[in-house]
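Chains as they are written, first to last, in our numbering: chain P, 64 to 187; chain D, 18 to 175.
Backbone N, C-alpha and C define an ideal beta-carbon position, used for all residues, glycine too.
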Amino acid sequence: MALALKIPDFQVYRGTEPPRFASQAELECAKVLDYYGVPWEYEPTTFVLEEDENGRVLEAFAPDFYLPDQDLYVEITLMKQSLVTRKNRKLRKLREHYPHVKIKLFYKRDLERLAERFHLDLAS
Amino acid sequence: MRELGAEIARDYADREPILVGSLKASFVFLADLSRATPILHGLDFVELAGYGSAQMGGHEQIRVLKDLDADIHDRDVIVVEDVVDTGLTLHYLVRTFELRKPRSIAAVTLLDRPYRRLVDDLPVRYVGFVVPDELFVGYGFDLEERWRQLPDLRLVHS
């Protein structure tokens, strides 16, 4: 679900469509990446995690960011670390199905540390 | 500190590297590291506007508050960082310095949090301590611009 957020003119956004962030935290992370000149894309890839016998997708996962220069996907979550079981399970599945894909999960605590350091507004 | 200085002296014997401190927090570390590095070397400083202060000032692109005084063309550059976690600052510095065609670029950091890295193509060659996800003050490290003067690193309990 995209929110009505004020989107700045990004300098190193590498996507083709304007990003539609689902949270303020995602927007803030995008702004930090852009500030430091690290090229980024927003949800460029959806990984299929499970299909039924007819090839219908039962479960999929689209990490929030992709950093092409690093070949790294980044997923951020504002849930407490103790409540991210479902997301961790998805990440485990992703790593099983796509072992060559590099992905990093930024937990609430990581984001709070970033927010402290960079004075981010993570509200909403 | 002696170990880091000895390693650098061994790796850069007869090469006169330049140690570049990334202000502000690295200034105490740089002073100690310089005295612990028993080879001829240069010193310089660079300072970038942090993301938070830049946003408050309405700047959406990184700004160099203090550039190098030295010409680093064909020099061996060692960036001196207080801490490397996401790696964003060091990544920016390395890319900027590379445009000036130094002979080599490496980095030394007092503290390292490799598990927080967002960019991993960094030339971090010398590491003091890998530390847990805790806040430190003192020895040049600050909290809201305070406590830098404390002589040792202190853990901040939230």
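| query | How big is the Cα-Cα spacing for D:GLU98 and P:GLY118? | reply | Within the second sequence, numbered from 1, the residue matching residue 98 of chain D stands at position 81. Within the first sequence, numbered from 1, the residue matching residue 118 of chain P stands at position 55. For D:GLU98 and P:GLY118, the distance between alpha carbons rounds to 51 angstroms.
| Is P:PRO131 near the ligand FMN, with its Cβ less than 6 angstroms from a heavy atom? | With respect to the ligand FMN, the structure shown offers nothing to examine, as it has no ligands at all.
| said: In this structure, how does DSSP classify P:ALA123 when only helix, strand and coil are distinguished? | reply: Walking along the first sequence from the start, residue 123 of chain P turns up at place 60. DSSP places P:ALA123 in strand when its eight states are reduced to three.
| query | With distances taken from CA atoms, which of D:ARG171, D:GLU115 and D:ARG133 is nearest D:VAL96? | reply | If you number the second sequence from 1, residue 96 of chain D lands on position 79. Measuring from the Cα of D:VAL96, the nearest candidate turns out to be D:GLU115.
| query | Taking Cβ-Cβ distances shorter than 8 angstroms, what residues in chain P pair up with D:ASP138? | reply | Locating residue 138 of chain D in the second sequence gives position 121, counting from the first residue. By Cβ distance, chain P contributes ASP132 and GLN133.
| message | Counting only Cβ pairs nearer than 7 angstroms, list the residues of chain P close to D:HIS108. | response | What you label residue 108 of chain D is simply residue 91 of the second sequence in a count that begins at 1. What D:HIS108 touches in chain P: TYR99 and VAL101.
| query | Where D:ARG165 and D:GLY155 are concerned, what is the direct C-alpha to C-alpha distance, given to the nearest angstrom? | reply | One-based indexing of the second sequence puts residue 165 of chain D at position 148. One-based indexing of the second sequence puts residue 155 of chain D at position 138. One C-alpha to the other measures close to 5 angstroms.
| said: When you compare the CB of P:VAL75 with every CB in chain A, is at least one pair closer than 7 angstroms? | reply: The structure shown has no chain A; the protein chains it does contain are P and D.
| field | D:ASP61 vs D:MET18 beta-carbon contact at 7 angstroms | value | The sequence position of residue 61 of chain D within the second sequence is 44, counting from 1. The sequence position of residue 18 of chain D within the second sequence is 1, counting from 1. No, these two residues do not count as a Cβ contact at 7 angstroms.
| How do the region 34-42 of chain D and the region 140-151 of chain D stand: do at least 3 beta-carbon pairs fall below 8 angstroms, yes or no? | no
| Nonlocal neighbours in the same chain, by C-beta distance under 8 angstroms from D:LEU172, ignoring five residues either side | Reading the second sequence from its first residue, position 155 is the one you call residue 172 of chain D. Same-chain partners within the cutoff: GLU151, LEU152 and PHE153.
| Comparing alpha-carbon positions, which option in D:SER51, D:LEU40, D:LYS41 and D:SER43 lies nearest D:ILE25? | On the second sequence, position 8 is the one that residue 25 of chain D refers to. The option with the nearest alpha carbon to D:ILE25 is D:SER51.
| said: Check this for me: beta carbons of P:PRO82 and P:TYR105, under 7 angstroms apart or not? | reply: Counted from its first residue, the first sequence places residue 82 of chain P at position 19. Counted from its first residue, the first sequence places residue 105 of chain P at position 42. For P:PRO82 and P:TYR105, yes; Cβs fall inside 7 angstroms.
| Bridge partners of D:THR126, per DSSP? | The residue you call residue 126 of chain D lines up with position 109 of the second sequence. Answer is D:GLU98 and D:VAL144.
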